[in-house]
Amino acid sequence: MDSTKREFVEQLFSPLKANFSLPRPDSSIVLSLIDDSETTVYSRVLGAAQLNDTQAFAQSLEEIRLELAVRSGNIPADLRKSLKEQDSVLSYHIA
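Numbered by the numbering used here, the letters in the sequence shown go through residues 364 to 458 in order.
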């Protein structure tokens with residue numbers, strides 16, 4: 364993976380540290396995001412097609428970002444609005 368992509372990933376997921384595995388036999392890599400206590404909080408295989416296509420790479424990073432947001436309960440407002448408009452998400456209120 365080139366240094367420009369590495370730097371972009373590190374900035375995008377800061378304060379988590381990004382760790383990239385050596386290329387596997389199929390040319391894929393494992394991207395791991397590590398917190399301050401050196402615990403892996405997320406990892407994902409990025410295939411050769413994702414690594415070699417800028418659009419696919421960006422889409423993969425966006426999917427990771429959204430998954431992390433959902434896990435932490437911080438769904439971006441625009442996504443939440445879009446889902447509600449599609450009647451995909453019901454609003455629950457705890458009384």
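Quick reminder that beta carbons are idealized off the backbone N, C-alpha and C, glycines included. Keep in mind it's a predicted model, so treat the numbers as computed, not measured.
Query - Helix, strand or coil at F371 according to DSSP, with G and I counted as helix - result: Position 8 of the sequence shown holds residue 371. DSSP places F371 in helix when its eight states are reduced to three.
Requested in this report: For S366, name the three-state secondary structure that DSSP assigns.
Outcome: Residue 366 sits at position 3 when you count from the first residue of the sequence shown. It is helical.
Query - Residues that DSSP places opposite L429 in a beta bridge - result: Stepping through the sequence shown from its first residue, residue 429 is reached at position 66. Answer is none; L429 lacks a bridge partner.
Query raised in the report: Is the Cβ-Cβ distance between S423 and Q413 less than 8 Å?
Result: The count along the sequence shown starts at 1 and reaches residue 423 at position 60. The count along the sequence shown starts at 1 and reaches residue 413 at position 50. Yes, these two residues count as a Cβ contact at 8 Å.
Query raised in the report: Buried or exposed: L409, going by 16 or more other Cβ atoms within 10 Å of its Cβ?
Result: By one-based count along the sequence shown, residue 409 stands at place 46. Classification of L409: buried, given that the 10 Å Cβ count is 16 or more.
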